[in-house]
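Q: In the numbering used here, the protein residues as written are 630 to 909.
Printed below as a string of structure tokens:
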């Protein structure tokens, strides 16, 4: 129950942020957006229809048709999310003036939209748009989910060429790029991780030194070098990005001939990569 209340709170906040970014930055500055909200905005430009009402109608139809291909929890949360976005768009549309600089508007619109979308996606909800259509094509026809979703969003954005012109369409693409990065930031968090693989003849000594100096765990794997035909050990370490320079110094102090590979880690869960504190 606490988890559900937390998710509903995030959906309300995320929907409000997302909708206000559309009505205060996107629409007044003649920009567009991907997905069903983007289609609603383009129809607003072309026919002066209310984007809030159009978004509600389109997402409702899509949810009714596509609910069978979504998990029950996602359907429940999406049924909450889609009307909330439409409601916030409806009550705030027509209340803002253009900023006069479409590029700045596109950058900040993308950033704020990404925050709102990230909060929504963190709950496992969807916005009841093109992602559901993509799931239906994937479920019924076997189409690739990611490519289908990208193709649908691209068609919606490119249709803006006929309404807002090529320049504002290019600004919209800038906004979408910034929004993607902003969404990733919310989904993954600021505390990003690095995975470090170290191939060294001193793998065990290196692991001991890392545990001692950095108070973090290290795992030693047995390996075999295909080129030299020799057994090689590898030390595998997960750290946050601020510890990377310190780890490099430790590696050099133990074995300055070690082969080091550093990977970006998108997510870490289960157990702990930190040195456990002793219970009193």
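From the three backbone atoms N, C-alpha and C, an ideal C-beta is built for every residue, glycine too.
Here the structure is a predicted model, which means the values were calculated and not measured.
On the DSSP bridge assignment, give the partners of residue 826 in chain order.
A: Answer is 865, 890.
Q: Just list the alpha helix (DSSP H) runs in the segment 715-752, keeping only unbroken ones of 4 residues or longer that don't cross its boundaries, in chain order.
A: Listed in chain order, the complete alpha helix (DSSP H) runs (minimum 4 residues) inside the segment 715-752 are 731-751.
Q: Just to confirm, is the Cβ distance from residue 670 to residue 656 under 8 Å?
A: For residue 670 and residue 656, yes; Cβs fall inside 8 Å.
Q: When DSSP builds the beta bridges, which residues end up paired with residue 859?
A: Looking at the DSSP assignment, residue 859 forms a beta bridge with 854.
Q: Looking at the unbroken alpha helix (DSSP H) that takes in residue 875, where does it start and where does it end?
A: That run of the alpha helix (DSSP H) goes 873-883.
Q: Can you tell me whether residue 781 is buried or exposed, with buried defined as 16 or more other CB within 10 angstroms of its CB?
A: Residue 781 should be labelled buried.
Q: In this structure, does DSSP put residue 849 in helix, strand or coil?
A: Reduced to three states, the DSSP call for residue 849 is strand.
Q: Measure how close the beta-carbons of residue 674 and residue 793 come, nearest whole angstrom, since I'm counting them as under 8 Å.
A: That belief holds up - the Cβ atoms of residue 674 and residue 793 are roughly 6 Å apart, short of 8 Å.
Q: Can you give the Cα-Cα distance for residue 942 and residue 865, rounded to whole angstroms?
A: For residue 942 there is no data in the structure shown, the boundaries of the chain being 630 and 909.
Q: Note down, in chain order, each residue of its chain lying with its Cβ closer than 8 Å to the Cβ of residue 876, except the 5 sequence neighbours on either side.
A: 825, 839, 843, 866, 868, listed in sequence order.
Q: CB-CB under 8 Å to residue 641, same chain, minus the five flanking residues each way: which ones, in chain order?
A: The residues are 713.
Q: In angstroms with no decimal places, state the Cα-to-Cα distance between residue 639 and residue 684.
A: Rounded to whole angstroms, residue 639 to residue 684 spans 20 Å at the Cα level.
Q: Quick one: grab the DSSP three-state call for residue 838.
A: Note: residue 838 maps to helix in three-state DSSP.
Q: Starting from the N-terminal side, write out each stretch of the alpha helix (DSSP H) that is 4 residues or longer and does not extend beyond the segment 644-716.
A: You should have 664-676, 680-695.
Q: Quick one: residues in its chain with C-beta nearer than 7 Å to the C-beta of residue 718, no 5 flanking neighbours on either side, listed in chain order?
A: So the list reads 648, 651, 652, 680, 681, 684, once near-sequence residues are dropped.
Q: So residue 688 packs on residue 758, CB below 8 Å; how close in whole Å?
A: Contact flag correct, Cβ pair sits at about 6 Å.
Q: Within the same chain, show all residues whose beta-carbon is closer than 6 Å to that of residue 888, passing over the 5 residues directly before and after it, in chain order.
A: Closer than 6 Å at Cβ, skipping near neighbours: 828.
Q: Taking Cβ to Cβ, would you say residue 855 is nearer than 8 Å to residue 761?
A: Against a cut-off of 8 Å, the Cβ pair of residue 761 and residue 855 comes out as no contact.
Q: Grab the span of the alpha helix (DSSP H) containing residue 924 for me, first residue to last.
A: This structure does not reach residue 924, given that the chain is present from 630 up to 909, and the question cannot be answered.
Q: Considering Cα atoms alone, identify which of 702, 807, 835, 823 is closest to residue 890.
A: Of 702, 807, 835, 823, the residue nearest in Cα terms is 823.
Q: Flag this pair as yes or no: are the beta carbons of residue 884 and residue 835 separated by less than 8 Å?
A: In this structure, residue 835 lies closer than 8 Å to residue 884 by Cβ.
Q: Tell me the residue span of the alpha helix (DSSP H) that contains residue 814.
A: Taken as a continuous stretch (DSSP letters only), the alpha helix (DSSP H) holding residue 814 covers 794-817.
Q: Under DSSP, the alpha helix (DSSP H) around residue 770 begins and ends at which residues?
A: Here the alpha helix (DSSP H) through residue 770 covers 759-770.
Q: Under the assumption that residue 821 contacts residue 747 (Cβ atoms under 8 Å), give the Cβ distance between them as a whole number of angstroms.
A: That belief does not hold up - the Cβ atoms of residue 821 and residue 747 are roughly 15 Å apart, past 8 Å.
Q: Please work out which residues of its chain come closer than 8 Å, Cβ to Cβ, to residue 910, disregarding the five sequence neighbours upstream and downstream, and give them in chain order.
A: The structure shown has nothing for residue 910, since the chain only spans 630 to 909.
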